[in-house]
Amino acid sequence: MSDTSFDIIVIGGGPGGYVAAIRAAQLGMKTAVVEREHLGGICLNWGCIPTKALLRSAEVFRQMKHAESYGLSVQGAVANLEKIVQRSRGVSAQLQAGVKHLLKKNKVTVFDGQGKLAGQGKVAVEKAGQPAQTLSAKHIILATGARARTLPGLEPDGKLVWTYREAMVPKSMPKSLLVVGSGAIGIEFASFYNALGADVTVVEVMERVLPVEDEEISAIAKKSFEKQGMKIVTGATVKKLDKGADNVTVTLESGGKSQQITVDRVIMAVGIVGNVENIGLENTKIKVEKTHILVNEWLETGEPGVYAIGDLTGAPWLAHKASHEGVICVEKIAGLKDVHPLDVTKIPGCTYCHPQVASIGLTEAKAKEQGHQVKVGRFPFIGNGKAIALGETEGMIKTVFDAKTGELLGAHMIGAEVTELIQGYGIAKTLETTEADLMHTVFPHPTLSEMMHESVLDAFGRAVHF
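Just add 1109 to wherever you are in the sequence shown, counting from 1, and you've got our numbering.
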């Protein structure tokens, strides 16, 4: 085979694409990745990773301001925005180099340019708008990801009205900020800017913040955010943005009433749309619905030999979902026998605001909606020794079980380090454990994870420490 002929070509080098490529190479397939911008994709370069670096700086700064409560004295703590951003970009650069190394180590060929379908088994690569070369493969995986959604009349301009990109590399700290959208992206930026001293207002069209989370968790989060000084406006829509020289007057409408808020900057965080343009979908059998490609359980599109994974295929829009889909797709192509379709109820979701939020499976309301009789357990951080020692007593862990079978239907958490704790319940769901299995599991002391045990016990009237 020539250098332009492969077993698998992946268009897009994000967390779905590069993981799919590496797994394909591990299985002995000659593999190529076509990437137009940065290896690692949005997640590594402009999403998950750099925002976590920013939020870590905010967390340390927050702790410094409360040093007295730990018996420490810190004088003159100042947040240096330029250095915070530099650190964040450095973290991304380090990991991008790591991805490049992993692809090279696994003998994956990387083509720099825009990839698009060019007929059966063909991928055309363009560089700077000019044709570069044509590649061929029996299998082609589309992993082109997604971008920020824009609303008519509320388009970001990169100066006064930002997307996540501008919000990640601010040149100066706005004194006031309005965040449109209270999903994970919006709330994380709200949390970051609030911690560094900005006057933050969050507007959400739904009736509660973090609307995909369990209602109890959303309520605790709202109370905490407001205690930190954020203003939360729910059930409201942004009708107009009037831009001044260095500020924006935002017109909000809620319940038929209008109000205006003037802020230095606006961050639009109202979801994402799939990158379906300019990838050669014309004249194929691939179906697109609401900017996302339709696939079956094995990530196959309507076009033979063409697959799609990750954000391009729709919710949940999570990097780990994309990576897992990449592995499923490639292993199915390779003919492995123990491949299983992705079960979205087993995908954990995490929001790295303060306090952190994490969940997996069904909310209490969804479980009841689906006809389950449920048993619900709760355990507060204030009842946990490690949480008290850490000075992190705000939060709760909630578990939802099927009352008849003991099946763990869902788990919902808010508080310190819950984005790490949630994986315990992720493993439990994968192994299809019951309440009995979890009750008989020994949790180490003193740890935050003990609250997971106590929450399970509480669902069946057996909580010990509260």
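For each residue, glycine too, the CB sits at the ideal point set by N, CA and C.
What you are looking at is a predicted structure, and each value in this text was computed from that prediction instead of being measured.
From the DSSP output, which residues share a beta bridge with His1210? Answer is none; His1210 lacks a bridge partner.
C-alpha gap between Asn1215 and Glu1409, whole angstroms: 25 Å
Taking only the alpha-carbon atoms, compute the straight-line gap between Tyr1302 and Glu1391 and give it to the nearest angstrom. 43 Å
Smallest Cα separation from Glu1529: which of Ala1512, Gly1515, Phe1170 and Ile1506? Nearest option by C-alpha distance: Ile1506.
Please state whether DSSP places Met1110 in a helix, a strand or coil. Its pLDDT being 44, under 50, Met1110 is placed unreliably by the model, and the measurement read from it follows with that caveat. Coil.
In whole angstroms, give me the CA-to-CA distance for Val1466 and Ala1496. 16 Å
Per DSSP, Phe1334 forms a beta bridge with which residues? Paired residues: none, contrary to the question.
So which of Ala1188, Ile1151 and Tyr1179 has the shortest CA-CA distance to Arg1165? Residue Ala1188 is the option with its Cα nearest to Arg1165.
Compute the Euclidean distance between the alpha carbons of Val1382 and Met1277, then round it to the nearest angstrom. 19 Å
Contact check, Ile1117 vs Thr1140, beta carbons under 8 Å: yes
Tyr1416, enclosing beta strand (DSSP E) - first and last residue: In the DSSP assignment, Tyr1416 falls within the unbroken beta strand (DSSP E) covering Val1415 to Ala1417.
Of all Cβ atoms in chain B, is any one closer than 8 Å to the Cβ of Val1527? Annotation note: the requested chain B is absent from the structure, which comprises a single protein chain.
Could you compute how far the alpha carbon of Gly1486 sits from the alpha carbon of Thr1514? 15 Å
Using beta-carbon positions only, say whether Met1522 and Ile1531 come within less than 8 Å of one another. yes
Nearest-angstrom Cα separation, counted from Pro1553 out to Ile1370: 49 Å
Could you pull out every unbroken beta strand (DSSP E) segment of at least 3 residues lying fully inside the segment 1176 to 1263, listed in chain order? 1218 to 1221, 1223 to 1226, 1231 to 1236, 1239 to 1251 and 1255 to 1257
Contact under 8 Å by Cβ, Thr1343 with Val1309: no
Please report how far the alpha carbon of Glu1541 lies from the alpha carbon of Lys1366, in whole angstroms. Approximately 49 Å between the Cα atoms of the pair.
Output the distance between the C-alpha atoms of Ser1558 and Val1208, rounded to the nearest integer angstrom. 32 Å
Cβ contact check for the segment 1478 to 1485 and the segment 1333 to 1351: 3 or more pairs under 8 Å: no
Buried or exposed by the 16-neighbour rule on C-beta atoms within 10 Å, applied to Val1430: The displayed chain sequence assigns Lys, not Val, to residue 1430. Under this definition Lys1430 is a buried residue.
According to DSSP, simplified to helix, strand and coil, what is Ala1520? strand
Assuming Thr1550 and His1562 make a contact with CB atoms under 8 Å, what is their CB distance in whole Å? 7 Å
Going by the CB atoms, is the gap between Val1311 and Val1576 shorter than 8 Å? This structure gives no information on residue 1576, because the portion of the chain shown stretches from 1110 to 1575.
Should the segment 1413 to 1422 be called in touch with the segment 1240 to 1258, which here means at least 3 C-beta pairs below 8 Å? With three or more CB-CB distances shorter than 8 Å, the segment 1413 to 1422 counts as touching the segment 1240 to 1258.
So what does DSSP say about Gln1368, is it helix, strand or coil? strand
Sequence-distant residues of its chain with Cβ nearer than 7 Å to Thr1502 (five each side left out): Phe1490, Ile1491 and Ala1496
Nearest-angstrom Cα separation, counted from Lys1399 out to Ser1363: 27 Å
Once DSSP output is grouped into helix, strand and coil, what is the label at Gly1535? helix
Glu1235 beta carbon less than 8 Å from that of Thr1460: no
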